[in-house]
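**Q**
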Amino acid sequence: MIHGLGPDVRQGIDDEIDAALARLRRRAGDLGESFAALADAVTRAASGGKRFRPALVVASFEAFGGRADEMTGVYPVAASFELLHTAFVVHDDVIDHDIERRGIPNIAGEFRMRGSGAGAGAVAAAGLGDAAAILGGDLLLYEATRLIALADISANRRAALMALFDDAVVVSAAGELADVENALRGADQSGDSLLTAAHDKTAVYSFTAPLRAGALLAGASAQDLETLRLCGGHLGLAYQLVDDLIGAFGTTDQAGRDAGGDLREAKRTPLIALAQQTPSWPTVSDALSRAHTGAIAVLEAQRVLDESGARARLCGLVEDTLAQALISAERLPSAAATLLGGIAERIRERIP
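Add 9 to a position in the sequence shown, counting from 1, and you land on the number used in this note's numbering.
(1) List the residues that DSSP assigns as beta-bridge partners of E109.
(2) Under a Cβ-count criterion, where at least 16 other Cβ atoms within 10 Å of its own Cβ denotes burial, should Q20 be classed as buried or exposed?
(3) Express the C-alpha separation of G241 and L65 in angstroms, rounding to a whole number.
(4) For the alpha helix (DSSP H) containing P85, name the first residue and the last one.
(5) If we ignore side chains and look at the alpha-carbon of each, how far apart do I356 and L234 end up?
(6) Using DSSP with H/G/I as helix, E/B as strand and the rest coil, what is A129?
(7) If you draw a straight line from the alpha carbon of G41 to that of L148, how long is it in whole angstroms?
(8) Use the C-beta contact count for S43: other C-beta atoms within 10 angstroms, 16 or more gives buried, fewer gives exposed.
(9) At 4 residues or longer, and completely inside the stretch 314-353: list those alpha helix (DSSP H) runs for me, N to C.
(10) So, helix, strand or coil for L159, using DSSP?
(11) Buried or exposed for N165, going by 16 or more other Cβ atoms inside 10 Å?
(12) Whose C-beta lies closer than 6 Å to the C-beta of A37 among residues of the same chain, with five residues either side of it excluded?
(13) Taking only beta-carbon atoms, is S43 less than 8 Å away from chain D?
(14) Thinking C-alpha only, which one of I113, I108, L156 is nearest G138?
(15) Considering just the uninterrupted stretch of the alpha helix (DSSP H) at Q263, what are its terminal residues?
(16) Going along the chain, which residues of its own chain have a beta-carbon closer than 7 Å to the beta-carbon of T261, five neighbours each way excluded?
(17) Would you mind stating whether N191 and L203 have Cβ atoms separated by less than 8 Å?
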C-alpha cells in the first residue's frame, strides 16, 4: 500500500511488534502449557503481512514534517495499529466461523485440533477453538493499547492518540456488528446501510486513525487533522469496496481463499445491493442462490453480476470515493497530498 519506506523504518516497526509478542510469550511461560501454546499461536497470527497500517503512521509522520529524533516514539504507535488489526482479524474469524486463514489453521483452527487431539468431540473442540481465538484477540487488543500507553511521547499527545485509538475500536465494533445484522436481514437492507457498515468496519482503524496518528505525532494542525479524517474515511470506504469486488471477482491469490468466496457464502455487500436495483435482479438472485454448489455456479454468478452492470457501478463508486479523498487532500501540505494520492492509486490498482 505504501512505497518508499526504507528498511530501517520496516525494521523499527517489526522490532516493536516482535518485542510485544516476545513479552507475551515470556509471561505465558509461567502460566501453563496451554497458555504458552496460545501465546505461540498469537505470535503466528501477527507474523508477516504487509503491515500497511503501521506504514501509514510513519508515512504520515514524515509527510507532516516529523523530526527524525522523535521516531522512537512513533514506532510503538505504528506497531499498535498492526496488533489492533490482527486482533480484529482473529475475532472476525470467530464471527465468521472460519478455522483457516490463507490456507493454514488460524488460532481457532489450531485449538480445535488441539481439542480433538485430546479426545474431545467435535462440538467441544470447536468451543475450545473459539474460546482460544477470543482470548487471543483480547490479548492482542491489550498489547496494542499497552504500546501507546508506554510510548515515548508527551502526555498531551498520548491522550490525543488514545482518543484516536478509542474511535478506531468503537467504530469498528459497530461496523462489524452492523455487518453481521445486515447478513441476517438479507435483501431488506438498503444500500446506504451497507455502505455505512463497510465504512465503519474498515475505514477508521485502517486509514483515518493511522494517518491522523502519524500527523498528530508530527505536530499537525487541528485543521489538517480534520482534513485527514475526511480523506481517511473516503480512502477506507474505497478500500473496503474494492475488497468486496475482490471477494466476488478476485483471484485466489488476491482473496487469500477460493475465488468467489463472497458469492459462495451469499454475503450481502454493496455489490449485491447495486445488483438488486437492476432489472436483471431475478436472474442474478437465482444465480447467487446456486453459487454455493461449486466453481461452475460461481462463474455463472460472476457472469450475470457483471452483465447486470452492478460491477461497473461499484467500480464507478470506488472512483468517485477516491476522487472525493483527493479533492479534500488538496488542502493539505504538498507532501501529505502526495502521500494520499499514492494511497489512492494503490487502492485503484487492487480493483479486479
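Quick reminder that beta carbons are idealized off the backbone N, C-alpha and C, glycines included.
**A** Based on what the coordinates show:
(1) In the DSSP output, where bridge partners are listed per residue, E109 has P114.
(2) So Q20 ends up on the exposed side.
(3) Near 11 Å, if we compare the C-alpha coordinates of G241 and L65.
(4) It spans 80-104 - the alpha helix (DSSP H) in which P85 sits, taken as one unbroken run.
(5) Approximately 22 Å between the Cα atoms of the pair.
(6) Here A129 sits in coil by DSSP.
(7) Using only the alpha carbons, I get a separation of about 16 Å.
(8) By the beta-carbon neighbour count (other beta carbons within 10 angstroms, threshold 16), S43 is exposed.
(9) Correct list: 319-338.
(10) Looking at L159 - three-state DSSP - the assignment turns out to be coil, as it is neither helix nor strand.
(11) Around the beta-carbon of N165, fewer than 16 other beta-carbon atoms lie within 10 Å, marking it exposed.
(12) Cβ within range, chain order: F44, A45, A48.
(13) No chain D appears in this structure, which consists of one protein chain only.
(14) Check the Cα spacing between G138 and each of I113, I108, L156: the tightest is with I108.
(15) Here the alpha helix (DSSP H) through Q263 covers 261-264.
(16) Within the same chain, T261 has close Cβ partners D267, A268.
(17) Judged by beta-carbon spacing, L203 lies within the 8 Å limit of N191, meaning their Cβ atoms are closer than that value.
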